Amino acid sequence: MSHPRVLAIEDEPDILTVLEYNLSREGFAVVTASNGEDGVRAASREKPDIVLLDLLLPGLDGIEVCRKLKQDAATRNIPIIMLTAKGEESDVVLGLGMGADDYVTKPFSPKELMARIRAVLRRGTPRTESDQNERLDFEGVSIDPVRHEIRLDGKPVAFTATEFRLIHTLASAPGRVFTRDHLVPRVIGHGAVVIDRNIDVHVRAIRKKLGAHREVIETVRGVGYRFHDPTHDLDK
Ligand code: CA
């Protein structure tokens, strides 16, 4: 993917100009739309590699655009990064629930946005079954789904099955924000005795066990949790 194509759907001309300038400078091909309806049309016509979607749009708003793109088989797999204002956390949760990949809060730095875009493009398509058995190694934290084992600095540490599934889910997509609604079905085993559906309680227990490595699980206020993306530091 030498020149990934970005579709920016945004009604504020100033922001669109900044986006176009920065994206072109980084080698992206840019297509723009200034309202939701045009955005949906442009997505199915242009088949971009990624969509930047403003949530507050006149007419068809960002959440509706997200819903339409995810409903249409032709545009379903195009990753979406939402552009949001402060205080739109409940819309962010809605959008992530519909399949948007990430969000950036305005005012954002172009550097931050570029890093997010690259991270989403790098994560690419969802993992297959065999990928899910792959051991995930981070600095000092190793997660082995086959052995159901987590090692911290080489030493195995006991986690419950629920805690393991929670860490493994987050760590399979570092940098991706998971809402609590995303996590419950993935983490609470089917048919298992549900001891506690409260994800926050499990996260607290996990962090305690992670000790010095506790910062690998990041809280995204008002939205959910994500695993620290080590490559994100390098992008900055
Ligand atoms: Ca707007």
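Each residue of the sequence shown is one higher than the one before, starting from 930 at the first, in the working numbering.
Note that beta-carbon positions come from the ideal geometry of N, C-alpha and C, so glycine has one too.
Computed from a predicted structure; not experimentally measured.
- Separation of the CB atoms of Glu993 and Ser963 is rounded to 16 angstroms, and the pair is thereby denied contact status at 8 angstroms.
- The C-alpha of Lys1138 lies about 8 angstroms from the C-alpha of Val1086.
- Between Leu981 and Ala1044, the gap from beta carbon to beta carbon reaches 9 angstroms or more.
- In this chain, the beta strand (DSSP E) harbouring Pro1085 covers Lys1084 to Val1086.
- Burial check for Gly1053: the Cβ neighbour count within 10 Å stays below 16, so the residue is exposed.
- Within the same chain, Cβ atoms closer than 7 angstroms to the Cβ of Glu975 are found at Arg934, Leu936 and Val960, the five residues on either side in sequence being excluded.
- Excluding its 5 nearest sequence neighbours in each direction, Arg1155 has C-beta neighbours in its own chain below 7 angstroms: Leu1099, Gly1104, Arg1105, Val1106, Phe1107, Glu1147 and Val1149, listed in chain order.
- Assigned with DSSP and collapsed to three states, Arg1155 falls in strand.
- Within the same chain, and ignoring the five residues on either side of Val1075 in sequence, the residues whose Cβ sits closer than 7 angstroms to its Cβ are Asn1062.
- The alpha helix (DSSP H) runs lying completely inside the segment 969-1022 and spanning 4 residues or more are 991-1000, given in chain order.
- Val1070: member of the beta strand (DSSP E) spanning Val1070 to Asp1073, first to last residue.
- When the beta-carbon positions are compared, Leu1025 and His1097 stay at least 9 angstroms from each other.
- Excluding residues up to 5 positions away in sequence, Ala972, Ser973 and Leu998 lie with their Cβ nearer than 7 angstroms to the Cβ of Thr1004 in the same chain.
- By the CB criterion at 9 angstroms, Glu1017 and Leu984 fall inside the cutoff.
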